[in-house]
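The structure appears below as structure tokens.
In the UniProt record's numbering, the protein residues as written are 1 to 382.
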């Protein structure tokens, strides 16, 4: 690091304009919150950008060990707010949650927190890893702590109900309101991420909390991994002439709308991708050859966007297009792409609500079987 190298080494911990070259330093850019760690066994000091005067964005100051980067205000552009899944960030004052299971996490100080909403929306909020509390049809400033918390550091996670089908809520994050003098801080976030691509089963429709009780969310949480659910009810793999959303194409988009912008895949990289598609294609005139071709396309697109990811192609629980899915996996000839036989994972009579959509028990059973497969891919335990 040029800035650190220009400082005079001393035998004492970093202070003022001196630094210990044997120490560990974390340069943190205030405008972005991004950091670069130079590993060492010695104690370290945090480096944060100094911008007391206009135009000094290249100046840096040494902050004593144990201190933190400047607190944020919880706005959509606050780097301490971490977004997971696909979010439309075109409006800096209002970030829009796209697809199912998108969520945000932020650390905050103080005793209370309020969520700033625009129009009415259903959402779940969890504080300090506690239960996901349901808020239905809420708008404006929503008090999440009617009983104040203990003073100190806290974390908040928010996930909005997906906007699909007949539901038209306003899934927009506009920020949080904190106590006077309180601020945000960057929360710890998982190092690994799993992306789940599918239809209403992956959305978690007809389970008690939809995306939050779906197998993908459950498996990700169990493994301590971040997770995304690029899924919508009724989706096909193959784009159908009658309007069925084809995930082989829509996988590339920020949202599920026909005119949705292309997604910027540099915003995150999945370490594993789980595909669960084919349940709906049979009702839209899709042939076996069309299905296999589209599956190959989707796998190759996932590989292009996530070069190092493990890709799992699940056998649909309704046992549709099994041979075509297996053939697609063979066709790509990729050692990190596998077909997963899901025979016996769930029992339709007891683990689904309608012989198609898993209930909470069914989703837990799927997560029980899927988590160990993902664990080996992510080098985690679960």
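We treat Cβ as the ideally placed atom computed from N, Cα and C, and that holds for glycine. On a predicted model such as this, the values are computed, not experimentally measured, just so you know.
Hey, how far is the Cα of residue 337 from the Cα of residue 186? Numbered from 1 along the chain shown, position 337 holds the residue referred to as residue 337. Numbered from 1 along the chain shown, position 186 holds the residue referred to as residue 186. C-alpha separation (whole angstroms): 34 Å.
Can the beta-carbon of residue 294 be found less than 7 Å from the beta-carbon of residue 238? Position 294 of the chain shown, counting from 1, holds the residue named residue 294. Position 238 of the chain shown, counting from 1, holds the residue named residue 238. Cβ distance < 7 Å, so residue 294 and residue 238 count as in contact.
In whole angstroms, what separates the C-alpha of residue 332 from that of residue 182? Your numbering for residue 332 matches position 332 in the chain shown. Your numbering for residue 182 matches position 182 in the chain shown. Approximately 52 Å between the Cα atoms of the pair.
From this set, 310, 229, 270, 96, which residue's C-alpha is nearest residue 334's C-alpha? Position 334 of the chain shown, counted from the first residue, corresponds to residue 334. It is 310 whose Cα lies nearest to the Cα of residue 334.
Please name the residue in 284, 112, 322, 218 whose C-alpha comes closest to that of residue 128. In the chain shown, residue 128 corresponds to position 128, counting from 1. The shortest Cα separation from residue 128 among 284, 112, 322, 218 belongs to 112.
For residue 349, the first and last residue of its enclosing alpha helix (DSSP H): On the chain shown, position 349 is the one that residue 349 refers to. First-last of the alpha helix (DSSP H) with residue 349: 348–351.
Buried or exposed for residue 365, going by 16 or more other Cβ atoms inside 10 Å? Residue mapping note: residue 365 aligns to position 365 of the chain shown, counting from 1. The residue is buried, with at least 16 neighbouring Cβ atoms inside 10 Å.
Does the Cβ-Cβ distance between residue 163 and residue 171 come in under 7 Å? Working through the chain shown from its first residue, we reach residue 163 at position 163. Working through the chain shown from its first residue, we reach residue 171 at position 171. Their beta carbons are under 7 Å apart, which means residue 163 touches residue 171 by this criterion.
If you draw a straight line from the C-alpha of residue 143 to the C-alpha of residue 345, how long is it? Taking the chain shown and counting its residues from 1, the one referred to as residue 143 is at position 143. Taking the chain shown and counting its residues from 1, the one referred to as residue 345 is at position 345. Here the alpha carbon of residue 143 sits roughly 41 Å from the alpha carbon of residue 345.
Within 10 angstroms of its Cβ, does residue 192 collect 16 or more other Cβ (buried), or is it exposed? Along the chain shown, read from residue 1 onward, the residue named residue 192 stands at position 192. Flag for residue 192 reads buried.
Please identify the residue among 76, 91, 277 whose C-alpha is closest to the C-alpha of residue 116. On the chain shown, residue 116 is found 116 positions in, with the first residue counted as 1. The shortest C-alpha separation from residue 116 is found at 76.
Distance between beta carbons of residue 214 and residue 197, contact taken as under 8 Å: Looking up residue 197 in the chain shown gives position 197. Looking up residue 214 in the chain shown gives position 214. Residue 197 to residue 214, Cβ: 13 Å. No contact.
May I ask which residues mark the beginning and end of the alpha helix (DSSP H) holding residue 309? If you number the chain shown from 1, residue 309 lands on position 309. Here residue 309 belongs to no alpha helix (DSSP H), and DSSP marks it neither H nor E.
In terms of alpha-carbon separation, which member of 363, 369, 368, 372 lies closest to residue 205? Taking the chain shown and counting its residues from 1, one reaches residue 205 at position 205. The residue from 363, 369, 368, 372 with its alpha-carbon nearest to that of residue 205 is 363.
Can you find the residues in the same chain that come closer than 6 Å, C-beta to C-beta, to residue 235, ignoring five residues on each side of it along the sequence? Numbered from its first residue, the chain shown carries residue 235 at position 235. These residues qualify, in order along the chain: 199, 245, 247.
Only counting the same chain, and skipping five residues up and downstream in sequence, which positions put a Cβ closer than 6 Å to that of residue 83? Your numbering for residue 83 matches position 83 in the chain shown. For residue 83, the CB contacts under 6 Å within the same chain, skipping 5 residues up- and downstream, are 104 in chain order.
Buried or exposed, going by whether 16 or more other CB atoms sit within 10 Å of the CB of residue 315? Residue 315 sits at position 315 when you count from the first residue of the chain shown. The residue in question, residue 315, is buried, as its Cβ has 16 or more Cβ neighbours within 10 Å.
Would you kindly work out how many angstroms separate the C-alpha atoms of residue 256 and residue 250, rounded to a whole number? In the chain shown, residue 256 corresponds to position 256, counting from 1. In the chain shown, residue 250 corresponds to position 250, counting from 1. Those two C-alpha atoms are separated by around 7 Å.
Residues bridged to residue 97 by DSSP? As a working note, residue 97 is residue 97 in the chain shown. Per DSSP, the beta bridge partners of residue 97 are 87.
Classify residue 281 as buried or exposed, calling it buried when 16 or more other Cβ atoms lie within 10 Å of its own Cβ. Position 281 of the chain shown, counted from the first residue, corresponds to residue 281. Its Cβ being crowded by 16 or more others within 10 Å, residue 281 is buried.
I need the boundaries of the alpha helix (DSSP H) containing residue 261, first residue and last residue. Counting from one through the chain shown, the residue named residue 261 turns up at place 261. Segment: none, residue 261 is in no alpha helix (DSSP H) and carries neither H nor E.
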